[in-house]
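Everything on this sheet refers to the single structure shown next.
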């Protein structure tokens, strides 16, 4: 069930109560951030960033809470959260692997890299492995087209990648828990 359906049926995604805010320090910090922005609707992206920083991802009940605090429809908050690729509605793995799928990267092998990853770690783009170790992501264009295909491992951008080089990096993460 998506957020809009959950809010409409009012049985899955409910805004945290005042009791929840006092018990959860993260909600208290989010509430302080919203107050610092003076409940301004145009601060939505900054508030979503803070929420993701605090919770690790944007939980449905937190999106509803933000919508309520900013007096916005939940569908608007959900729309912004799903429009921008830097927001996640699901927990992110310990490691992230983002494959650029822009034109230069695609022509130079991004599809083969993705297919290889899907076959080896058994997740599709936008998913996290069952053990929570790896999230596979895609981006429309990361910019360094001269070194295509580009893959971002955690926060490290590497160019001229192949299915083999990416596979080796992922194997290292799985075997050693590091890069």
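In my numbering, the protein residues as written are 1 to 179. The beta-carbon is built from N, C-alpha and C at its ideal position, and this holds for glycine as well. Owing to the predicted nature of the structure, the values given are computational and were not obtained by experimental measurement.
Checklist entry - Taking the beta strand (DSSP E) that residue 95 falls in, what are its first and last residues? => result Counting from 1 along the chain shown, the entry for residue 95 is found at position 95. Counting along the chain, the beta strand (DSSP E) containing residue 95 begins and ends at 95-100.
Checklist entry - How big is the Cα-Cα spacing for residue 57 and residue 73? => result As a first step, residue 57 is located in the chain shown; it is residue number 57 there, counting from the start. As a first step, residue 73 is located in the chain shown; it is residue number 73 there, counting from the start. About 20 angstroms.
Item to check | Residue from 95, 38, 59 whose Cα sits closest to the Cα of residue 176 | outcome: As a first step, residue 176 is located in the chain shown; it is residue number 176 there, counting from the start. Taking only the C-alpha atoms, the option nearest residue 176 is 95.
Item to check | Strand pairing of residue 187, partner residues [DSSP] | outcome: Past the boundaries of the shown model lies residue 187; the chain is included only from 1 to 179, so the question cannot be answered.
Next on the checklist: Please state the DSSP three-state secondary structure of residue 64.
Outcome noted: As a position in the chain shown, residue 64 is number 64, starting the count at 1. Helix at residue 64.
Checklist entry - Which residue's Cα is closest to the Cα of residue 174: 151, 100, 93, 139? => result For the purposes of this step, residue 174 is taken as residue 174 along the chain shown, with counting starting at 1. Closest option to residue 174, Cα to Cα, is 93.
Item to check | Pairwise C-alpha distance: residue 45 and residue 70 | outcome: Here residue 70 corresponds to residue number 70 of the chain shown, with the count starting at 1. Here residue 45 corresponds to residue number 45 of the chain shown, with the count starting at 1. For residue 70 and residue 45, the distance between alpha carbons rounds to 12 angstroms.
Next on the checklist: Check whether the region 110-117 and the region 161-170 touch, using three or more Cβ-Cβ pairs below 8 angstroms as the test.
Outcome noted: yes
Checklist entry - Under three-state DSSP, which class holds residue 34? => result The residue you call residue 34 lines up with position 34 of the chain shown. Note: residue 34 maps to helix in three-state DSSP.
Checklist entry - How big is the Cα-Cα spacing for residue 77 and residue 148? => result Within the chain shown, residue 77 is the residue found at index 77, counting from 1. Within the chain shown, residue 148 is the residue found at index 148, counting from 1. The alpha-carbon atoms of residue 77 and residue 148 are separated by roughly 34 angstroms.
Checklist entry - Using the C-alpha atoms, what's the distance from residue 55 back to residue 32? => result Within the chain shown, numbered from 1, the residue matching residue 32 stands at position 32. Within the chain shown, numbered from 1, the residue matching residue 55 stands at position 55. Computed Cα separation, rounded: 15 angstroms.
Checklist entry - Whole-angstrom Cβ separation of residue 137 and residue 97, contact assumed at under 8 angstroms? => result Translated into positions along the chain shown, residue 137 becomes position 137. Translated into positions along the chain shown, residue 97 becomes position 97. The Cβ separation is near 7 angstroms, so the contact holds.
Next on the checklist: Report the CB separation of residue 140 from residue 102 in whole angstroms; it is logged as a contact under 8 angstroms.
Outcome noted: Numbered from 1 along the chain shown, position 140 holds the residue referred to as residue 140. Numbered from 1 along the chain shown, position 102 holds the residue referred to as residue 102. Indeed, because the Cβ distance is near 6 angstroms, the residues count as touching under 8 angstroms.
Checklist entry - Cβ of residue 56 versus every heavy atom of the ligand FAD: is any distance shorter than 8 angstroms? => result You won't find the ligand FAD in this model; it holds no ligand whatsoever.
Checklist entry - residue 87 lies in the alpha helix (DSSP H); which residues open and close that run? => result The count along the chain shown starts at 1 and reaches residue 87 at position 87. Per DSSP, residue 87 belongs to no alpha helix (DSSP H) and is neither H nor E.
Next on the checklist: Distance cutoff 9 angstroms, beta carbons only. Does residue 141 sit that close to anything in chain D?
Outcome noted: Checking the listed chains, one finds no chain D in this structure; it contains a single protein chain.
Checklist entry - Taking the continuous beta strand (DSSP E) assigned at residue 158, which residues delimit it? => result For the purposes of this step, residue 158 is taken as the residue at position 158 of the chain shown. Residue 158: member of the beta strand (DSSP E) spanning 156-158, first to last residue.
Checklist entry - DSSP beta-bridge partners for residue 153? => result Residue numbering aside, residue 153 sits at position 153 when the chain shown is read from its first letter. According to DSSP, residue 153 bridges with 97, 156.
Item to check | Residue interval of the alpha helix (DSSP H) (run including residue 163) | outcome: Locating residue 163 in the chain shown gives position 163, where the first residue counts as 1. From DSSP, the alpha helix (DSSP H) with residue 163 extends over 163-176.
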